[in-house]
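Chains as they are written, first to last, in full-length UniProt numbering: chain A, 1 to 274; chain B, 1 to 245.
In what follows, a single structure is set out as structure tokens and then discussed.
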């Protein structure tokens, strides 16, 4: 992206019909650490990579519970994400109070998108620099949406945002057809695999990632580190069993194939019914 | 001149009460509404009377209205406040429809919305002078609730307003059971309405029965109940109590 004379403020169009400030905001999302989401008919899993600045500091919170039936994972300017999460929580709680019923996630997402759009059409504002993966349950089932700084929103079966998200997207594209009918645990496993893809060879451990689940009969909650580590250990073990090339922590390209084979065979032998 | 001049300061001395927009007492009122859950949904009955104090002034007032796809609202109390509530609900349902997504407000949501409205008005000392009955079916779930003018709300298998609470509820407590058929439900409601007709002076013999099921709402044509006035107690009412009238 090159600097040009049309990118100073958000209310200036370029001759090509682009709003550069909005596009730069979307760049900020691409620079943030990865967040992924995937859904089945009844559950949605959100996951994100948590890198702490140094060993001394704690990592940033990137997954927020918005209500019992809605949660959000963010990538980009986390401060903007926090503010938007507060807005979403407010909307949910006000709706709940008036109607004693959960706010349908589809409506929340539209309200959020409209809020983002305002910032693309006021000269004294700037677009929110954060992408949100909104996971929620509705009357019509489980939904996963992606809200963009541009004010657009899209519904997805599975998606990844942030840095190195392309690797996760490739994995998800290969596997997404199995998600609709997947069990909750398989969905979490797939989320962990997708996160592993974005780590590009680094070992996947529960200290670098966060997983959250929401589903029918299961309110939104973040899984604790111990549970996540157990699940990681479960499928990593299976991966090792499957042959020398599939040793954990090897090249990312070798792993997905082996994992797929491992996972498939593993479902028969699996020690993962822990 | 003098007359006009004195009006102004008095008004401002009254402070907040100078606001002439509050309901202080009701003028045109409807009497009881009775409703019960039956096998396929909700049955609700209300007569068509609008009393102006002790005068039975209006005799074609529809006190039950369908709200959205899933709800039915019946009201007793001030008719103009009921009409105001219908306007609020109209707007609510309109915005709900404008979302044009797969979601819609069900009876539970409408009931809670009304509770908030009634309670908030009560807190401002400007109540909507109604007792409301809200029933409906959504996704197979039957719902029946009531809200009073001060915001008291609850759900039950059968509800009533006003005199209905005293005369109809005891009958329903005895005779209501789960999975009433449509005919049994109507018979039960008519029994309640007949008692109200005999004993409530604001009741008139012209009523409607409304039914709401998953398929939708139907409000019956107005009709009247058969009554029997030849009971011996009616023939000579003063017999047991000399001096009574």
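Even for Gly, the Cβ is constructed at its ideal location relative to N, Cα and C.
Check	Outcome
Check the DSSP bridge columns for residue 66 (chain B) and list the partner residues they point to.	B:72
Would you list the residues sitting across from residue 212 (chain A) in a DSSP beta bridge?	A:46, A:222
List the residues of chain B that residue 180 (chain A) touches, going by C-beta distances under 7 Å, in chain order.	Near residue 180 (chain A) there are no residues of chain B at all, since even the closest Cβ is about 18 Å away, more than 7 Å.
In chain D, what lies closer than 9 Å to residue 102 (chain B) by C-beta?	Going by chain labels, chain D is absent from the structure shown, which instead holds the protein chains A and B.
Enumerate in chain order the residues of its own chain whose CB-to-CB distance from residue 172 (chain A) is below 6 Å, with the five nearest sequence positions on each side excluded.	158, 194
For residue 201 (chain B), count neighbouring C-beta atoms within 10 Å of its own C-beta (all shown protein chains included) and say buried if the count is 16 or more, exposed if not.	exposed
Spatial neighbours of residue 103 (chain A) within its chain, please: CB distance less than 6 Å, with the 5 preceding and 5 following residues excluded, ordered by chain position.	92, 95
Quick one: which residues of the region 113-124 of chain B get their C-beta closer than 7 Å to a C-beta of chain A? List them in chain order.	113, 116
Taking three-plus beta-carbon pairs below 8 Å as touching, is the region 158-170 of chain A in contact with the region 31-38 of chain A?	yes
The region 58-75 of chain B: which residues have C-beta closer than 9 Å to a C-beta of chain A, in chain order?	none
Which residues of chain B have a Cβ atom closer than 8 Å to the Cβ of residue 227 (chain A), listed in chain order?	The premise fails here: residue 227 (chain A) is roughly 33 Å from chain B at the closest Cβ pair, so nothing lies under 8 Å.
For residue 101 (chain A), tell me which candidate among B:55, B:110, B:218, B:208 has the shortest Cα-Cα distance.	B:110
What does the alpha-carbon distance come out to for the pair residue 38 (chain B) and residue 136 (chain B)?	11 Å
Give a yes or no on whether the minimum CB-CB distance between residue 91 (chain A) and chain B is below 8 Å.	no
Would you mind reading off the limits of the alpha helix (DSSP H) that contains residue 87 (chain B)?	79-98
Counting only runs that start and end within the region 98-164 of chain A, where is the beta strand (DSSP E) found for 3 or more residues in a row?	130-138, 141-147, 153-155, 158-161
Inspect the CB distances between the region 46-53 of chain B and the region 178-185 of chain B and report whether three or more fall short of 8 Å.	no
What does residue 202 (chain A) pair with, by DSSP beta-bridge criteria?	Its beta-bridge partners do not exist; DSSP assigns none.
Output needed for residue 66 (chain B): all residues of its chain with C-beta closer than 6 Å, excluding positions within five of it in sequence on either side, in chain order.	72, 217
Taking Cβ positions, are residue 22 (chain A) and residue 149 (chain A) nearer each other than 8 Å?	yes
Give the secondary structure of residue 158 (chain B) by DSSP, where H, G and I count as helix, E and B as strand, and everything else as coil.	strand
Note down the Cα distance separating residue 243 (chain B) from residue 166 (chain B), rounded to an integer number of angstroms.	27 Å
DSSP on residue 197 (chain B), reduced to helix/strand/coil?	helix
What whole-angstrom Cβ distance do residue 155 (chain A) and residue 102 (chain B) have, given they're in contact under 8 Å?	So it is not a contact: roughly 12 Å between Cβ atoms.
In the structure shown, what three-state DSSP assignment does residue 39 (chain B) receive?	coil
Provide the residue span of the beta strand (DSSP E) that contains residue 61 (chain B), from first to last.	Premise fails: residue 61 (chain B) is in no beta strand (DSSP E) and is neither H nor E.
Residue 101 (chain A) touches chain B at which residues, Cβ-Cβ below 7 Å?	108, 109
Is the region 84-98 of chain B touching the region 222-238 of chain B, taking contact as three or more C-beta pairs under 8 Å?	no
Is there a Cβ of chain B sitting closer than 8 Å to that of residue 9 (chain A), yes or no?	no
When you compare only the Cα positions, how much space is there between residue 179 (chain A) and residue 190 (chain A)?	9 Å
Is there at least one non-hydrogen atom of the ligand PLP closer than 7 Å to the beta-carbon of residue 243 (chain B)?	Absence of the ligand PLP from the depicted structure is noted, as is the absence of any ligand whatsoever, leaving it without description.
Look up residue 141 (chain B) in the DSSP assignment and say whether it is helix, strand or coil.	strand
Using 8 Å as the threshold, is the C-beta distance between residue 109 (chain A) and residue 145 (chain A) below it?	yes
Would the region 188-205 of chain B and the region 223-232 of chain B be scored as touching if the rule is three or more Cβ pairs under 8 Å?	yes
Between the region 153-168 of chain B and the region 28-35 of chain B, do three or more beta carbon pairs fall short of 8 Å?	yes
Apart from the five residues just before and just after residue 85 (chain A), which ones in its own chain have a Cβ nearer than 7 Å to its Cβ?	64, 66, 72
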